[in-house]
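K.L.:
In our numbering, the protein residues as written are 264 to 1452. C-beta: ideal position from N, C-alpha, C; glycine also.
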């Protein structure tokens, strides 16, 4: 039997999974929106008609027990390059408006399909298509950052006097100021290079102008440019304004000052929304604005046409609003084209320093007209800072009075009032007029259009959502989008849950104004019986909604813009709470933290993947110190191998299934491009996840008596100490001891002047901690499918975008002198923006030298997206071809290295399809292959380009010194066949070779590249797939099998893969007994017995297994997504709503304390986030806005 048959069967997965069922036409049935029960008559549908069966022979088994199979040649994966869509037909000359008739007949338009099967459908013929002029490199997520930044010479509407060196007198001053306010604030080598090459070496730089240069004076000149407003340069009128807001503080009937009193909050910095919009339209980036929404459709090669969901301008919400706008009557004497300017808002409070109390609460604006792949990059400078919201000053407590018993609820009410007053300043009369009547602007294509601003999304964490939607945080009805009650949240994915979500929220202004009349006109307290009777049933609050009051007459609903927030709701929400409770369970399952220590060890051994896709776990993950959202994402993606085997049955199975469903849901929810198929899969995954959460809660969580972790206990102690200190201060202020009274319990004892008090029993006892499913974040998971359909994919409005923009304000704060810091931040923000716009508008190309230096210093220059792979052609690191066998003569990895290498090269030189290097050539054949100087050159890096599922060109960069595992198409087609082969790359090589003899097709010298690999095969009997909720498992081919090592043509590699050790199966030296061996890293003497194939490593990886990736052409074989899940619509027999305490309208978060980074805990203590010994993540400072309830 040939060695090729051995390789073929070794790379075949003997499992219980089968390929997707295909009909007679080769089409794959779409999955159902909800899983169905297993049906033995339909689970094994026939695949495509197989080729004629071979002659029946007795079954022969290998030493590992796997049956021999005949070889099928491996498939070469066809990877199309993404291209910009074809240009649209031009509008008739002289036409500046869309054709319109009184009956509103649509001028519909459909484009032709591209080679991916993508077409567009416009309800109204577009007048401008920015995608038609996109360079191919902009479709690559990695390549453009290596290229010099250029601005194309386009027609700029601003006059030439506002181009560089404006507003300075000479180009020397402009160059120095531009260098000062752009780039890094550190004196790095790159910044010095930029100074030397882009400033000092600039042809317009004049040393004579430097003599009179003064940075502060020139900065003042730049600041004064904000006052130069005018229609000719609208971007000059979008400067900052500083103002104050007045809030009406309710004092109650007992206060001598009256029922209420005004309180002024100073320090609001804001900008005009209308000015921001006009400035954005004249900026160079507006050449990429989409003015006409459209639907995108995809026709796969083996299935029906499907809708594609990705950008905001392809969403249902935009299309519906655009249709309404076209039916709206034109403004008097105006026949301009009416288009929508999409406003997407973000707000989030952030700490400006690692230590101290300096904070900033920015309100950001992005335009949805820009493609999300462009505006989502931090370096694109597409974020517009609208306002820096002030916090309530501490002096308001003195204003309310220390003797006021309703102070906590009044403070919470004042925070809501302050937020709405700020929004009233932002949504001013100018904006409301523009919202109704639009405004005219000349665009960069020279066409005048009338723009109508529309707010589509508001991205914020849950505490700020409650401030915008004006509902009680974690109240009886905690959702800002619907009226679901907290007692029903655990029904995620059930039919009743879906019905509840249809009861959407709508603003009840009359009810709220009536409640306010009780407070402000009759002196009732905020939590009085009369007020609560009106507001408590739906968790309303007595504050008027600015958005609703000003924009609802035009059909605006403030609750519809409250989009989901995957980072806070899942990564820092549901998954984080599950992970923390799993740590509690491990503590309860084994004494002295033995299982927790094993979990930490496994995570430290996790291999990395990609360019920071999965990072190294260097610290104990169970301590969760300084973890951000991406850290929790990495924990989830690697969780299954880490937790496998730690708990006994049946809990181990329950935990692994839950983790799989969490990772599956997370990957689907985070897709950058959805289709009808993936939307159904996400809907099904939500149902599965809800059931697994309930099973985990009623079975595993009920079995183990879990207690708070040591860090949680310490955090609870600090909270209690702060509350006692506050209570002590209040006692001193209100009840000072009379003169001569014995000091039995005086203020000195309370304030710490006396001996420290003994710890109370409550501080010494470790409290019990149960798993809590009755949280808004669990409920929010059911809204993702509808939100994606309405507003596009989650990356378009992720709160992560706002978190990334925080880096800029923190950088600006570092350049201030810390006095009146917010005012200085506004000035520096304008200076940067002014100079950036001038640089963008300049017609000359601007090259950043530090990018070129990156290329010069890199032995492997940036890889062009059109290439499949890239290997350095340097010959500095060469080895003699005979040295491999001489160095390790008994090593199976290098045994017969040169003969096997020549066999591999001969197969390629003769133009034969790759057959696993099965064909053995004679010595005479090998003699026709002449390796120049017998020298094999080693390369450090191997890069592979691939087209991702969302039509973006991406890249994997691998180094054989670390983890370099690759995947390629499998030739197997049986029922138990896996779609891919896997190999570990031991070395990346290239050489020069001559091929002589009668069979030679080219006798000249040729350059050839090859990979030296160690093959991996499937583990027999391992059940995996989306039905089994398990990852595939592979292992190294044993040295006793033929050809455990081999060579691979780099062009066969699809991309890198992430293999995680199966820790429960330990390590072994039986697979490769040679020691040392070239088949292992230096220092290793054994191998892991098996590895899990982590298809949750990134979204593109998941789509290669689940199928349906638009960019994955010619990939028909996948792992079935749901081929008969045993799901039932259970009635929650073990998770009863009565187990939840709903007596208090506010529910304390499970993970309050040291792990709280998303602001849903410690609500009664507004300053808890300032505790220096609490570990704050990047999503910090949010508990400031929590309700008191």
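Using only CA atoms, which one of 1264, 452 and 851 lies nearest to residue 963?
P.N.:
Residue 963 sits at position 700 when you count from the first residue of the chain shown. It is 851.
K.L.:
Inspect the CB distances between the segment 1308–1316 and the segment 1359–1376 and report whether three or more fall short of 8 angstroms.
P.N.:
They do not touch, by the three-pair rule.
K.L.:
Can you check DSSP and say which residues form a bridge with residue 734?
P.N.:
In the chain shown, residue 734 corresponds to position 471, counting from 1. Note: residue 734 sits in a beta bridge opposite 803.
K.L.:
From residue 1461 to residue 1353, what distance separates their C-alpha atoms?
P.N.:
With the chain running from 264 to 1452 in the structure shown, residue 1461 is simply not present.
K.L.:
Just to check my reading of the structure: residue 1217 and residue 935 have Cβ atoms closer than 8 angstroms, yes? What is that Cβ distance to the nearest angstrom?
P.N.:
As a working note, residue 1217 is residue 954 in the chain shown. As a working note, residue 935 is residue 672 in the chain shown. The pair is not a contact, with the Cβ atoms about 11 angstroms apart (cut-off 8 angstroms).
K.L.:
With a Cβ-Cβ cutoff of 8 angstroms, do residue 345 and residue 1214 count as a contact?
P.N.:
For this step, residue 345 is matched to residue 82 along the chain shown. For this step, residue 1214 is matched to residue 951 along the chain shown. Against a cut-off of 8 angstroms, the Cβ pair of residue 1214 and residue 345 comes out as a contact.
K.L.:
Counting along the chain, where does the beta strand (DSSP E) carrying residue 1491 start and finish?
P.N.:
Here the chain comprises residues numbered 264 to 1452, so residue 1491 is not present and cannot be evaluated.
K.L.:
Just grab the DSSP bridge partners of residue 608 for me.
P.N.:
As a first step, residue 608 must be located in the chain shown, where it is residue number 345. DSSP lists 628 and 721 as partners of residue 608.
K.L.:
Answer with buried or exposed for residue 711, where buried requires no fewer than 16 other C-beta atoms within 10 angstroms of its C-beta.
P.N.:
Translated into positions along the chain shown, residue 711 becomes position 448. Residue 711 comes out exposed.
K.L.:
Given a cut-off of 8 angstroms on the beta-carbon distance, is the pair residue 646 and residue 1304 in contact?
P.N.:
Taking the first residue of the chain shown as position 1, residue 646 is located at position 383. Taking the first residue of the chain shown as position 1, residue 1304 is located at position 1041. No, Cβ-Cβ distance for residue 646 and residue 1304 is not below 8 angstroms.
K.L.:
Residues in its own chain within less than 7 angstroms of residue 922 by CB, not counting five upstream and five downstream?
P.N.:
What you label residue 922 is simply residue 659 of the chain shown in a count that begins at 1. If we look at residue 922 and ignore the five residues flanking it on each side, its Cβ neighbours are 902, 903 and 906.
K.L.:
Looking at the unbroken alpha helix (DSSP H) that takes in residue 1028, where does it start and where does it end?
P.N.:
Stepping through the chain shown from its first residue, residue 1028 is reached at position 765. Looking at the DSSP string, residue 1028 is not in any alpha helix (DSSP H), and its letter there is neither H nor E.
K.L.:
According to DSSP, is residue 938 part of a helix, a strand, or is it coil?
P.N.:
As a working note, residue 938 is residue 675 in the chain shown. Residue state, collapsed to three classes: strand.
K.L.:
Comparing C-alpha positions only, which one of 473, 1272 and 1223 sits nearest to residue 1131?
P.N.:
What you label residue 1131 is simply residue 868 of the chain shown in a count that begins at 1. Among 473, 1272 and 1223, the Cα nearest to that of residue 1131 belongs to 1272.
K.L.:
In the structure shown, what three-state DSSP assignment does residue 1227 receive?
P.N.:
In the chain shown, residue 1227 corresponds to position 964, counting from 1. It is coil, neither helix nor strand.
K.L.:
Hey, quick one: how far does the beta strand (DSSP E) through residue 1208 stretch, first residue to last?
P.N.:
For the purposes of this step, residue 1208 is taken as residue 945 along the chain shown, with counting starting at 1. Where residue 1208 is concerned, the enclosing beta strand (DSSP E) stretches over 1205–1210.
K.L.:
Can the beta-carbon of residue 1248 be found closer than 8 angstroms to that of residue 1279?
P.N.:
For the purposes of this step, residue 1248 is taken as the residue at position 985 of the chain shown. For the purposes of this step, residue 1279 is taken as the residue at position 1016 of the chain shown. It is not a contact, given that the beta carbons lie outside the stated cut-off.
K.L.:
Which runs of the beta strand (DSSP E) spanning at least 3 residues fall entirely within the segment 667–702, listed in chain order?
P.N.:
DSSP runs (the beta strand (DSSP E)) wholly in the segment 667–702: none.
K.L.:
Could you spell out where the alpha helix (DSSP H) holding residue 650 opens and where it closes?
P.N.:
Against the chain shown, residue 650 aligns to sequence position 387. Premise fails: residue 650 lies in the beta strand (DSSP E), 647–651, not in any alpha helix (DSSP H).
K.L.:
Would you tell me roughly how many angstroms separate the C-alpha atoms of residue 500 and residue 735, rounded to the nearest one?
P.N.:
What you label residue 500 is simply residue 237 of the chain shown in a count that begins at 1. What you label residue 735 is simply residue 472 of the chain shown in a count that begins at 1. About 38 angstroms.
K.L.:
Helix, strand or coil for residue 1015, going by three-state DSSP, please let me know.
P.N.:
Here residue 1015 refers to the residue found at position 752 of the chain shown. Because residue 1015 sits at a pLDDT of 38, beneath the cut-off of 50, its placement in the model cannot be relied upon, and the point is left open.
K.L.:
To the nearest whole angstrom, what separates the beta carbons of residue 546 and residue 1103, a pair I think is in contact under 8 angstroms?
P.N.:
Translated into positions along the chain shown, residue 546 becomes position 283. Translated into positions along the chain shown, residue 1103 becomes position 840. Indeed they touch by this definition, with Cβ atoms about 7 angstroms apart.
K.L.:
Please report how far the alpha carbon of residue 1244 lies from the alpha carbon of residue 1365, in whole angstroms.
P.N.:
If you number the chain shown from 1, residue 1244 lands on position 981. If you number the chain shown from 1, residue 1365 lands on position 1102. Those two C-alpha atoms are separated by around 16 angstroms.
K.L.:
Could you please give me the residues that DSSP links to residue 1244 through a beta bridge?
P.N.:
Working through the chain shown from its first residue, we reach residue 1244 at position 981. Paired residues: 1231.
K.L.:
Taking the C-alpha atoms as reference points, what is the distance between residue 637 and residue 598?
P.N.:
Within the chain shown, numbered from 1, the residue matching residue 637 stands at position 374. Within the chain shown, numbered from 1, the residue matching residue 598 stands at position 335. Rounded to the nearest angstrom, the two C-alpha atoms are 32 angstroms apart.
K.L.:
Bridge partners of residue 1297, per DSSP?
P.N.:
Here residue 1297 refers to the residue found at position 1034 of the chain shown. In the DSSP output, where bridge partners are listed per residue, residue 1297 has 1281 and 1354.
K.L.:
With three or more C-beta pairs closer than 8 angstroms as the rule, is the segment 752–761 touching the segment 646–660?
P.N.:
No: fewer than three Cβ pairs fall under 8 angstroms.
K.L.:
Out of curiosity, what's the CA-to-CA distance linking residue 1136 and residue 443?
P.N.:
Here the question's residue 1136 lines up with position 873 in the chain shown. Here the question's residue 443 lines up with position 180 in the chain shown. Computed Cα separation, rounded: 40 angstroms.
K.L.:
Any chance the segment 1037–1053 sits against the segment 741–753, with 3 or more Cβ pairs inside 8 angstroms?
P.N.:
Touching, per the Cβ criterion.
K.L.:
Can you say whether residue 954 is buried or exposed, counting buried as having 16 or more other CB atoms within 10 angstroms of its CB?
P.N.:
Numbered from 1 along the chain shown, position 691 holds the residue referred to as residue 954. It counts as buried.
K.L.:
Given a threshold of 16 other Cβ atoms within 10 Å of its Cβ, counted over all protein chains shown, does residue 700 qualify as buried or as exposed?
P.N.:
Translated into the one-based positions of the chain shown, residue 700 becomes position 437. It counts as exposed.
K.L.:
Quick one: residues in its chain with C-beta nearer than 7 angstroms to the C-beta of residue 787, no 5 flanking neighbours on either side, listed in chain order?
P.N.:
As a working note, residue 787 is residue 524 in the chain shown. Hits under 7 angstroms: 781, 793 and 794.
K.L.:
Tell me, which residues are paired with residue 846 by DSSP?
P.N.:
As a working note, residue 846 is residue 583 in the chain shown. BP columns for residue 846 are empty, so no partner.
K.L.:
Would residue 624 pass as a contact of residue 605 if the rule is Cβ separation under 8 angstroms?
P.N.:
Position 361 of the chain shown, counted from the start, is the residue given in the question as residue 624. Position 342 of the chain shown, counted from the start, is the residue given in the question as residue 605. In this structure, residue 605 does not lie closer than 8 angstroms to residue 624 by Cβ.
K.L.:
Measuring alpha carbon to alpha carbon, tell me which residue in 544, 342 and 432 is nearest residue 1100.
P.N.:
On the chain shown, residue 1100 is found 837 positions in, with the first residue counted as 1. Nearest of 544, 342 and 432 to residue 1100, Cα basis: 544.
K.L.:
Can you tell me where the beta strand (DSSP E) holding residue 1317 begins and where it ends?
P.N.:
On the chain shown, position 1054 is the one that residue 1317 refers to. From DSSP, the beta strand (DSSP E) with residue 1317 extends over 1316–1319.
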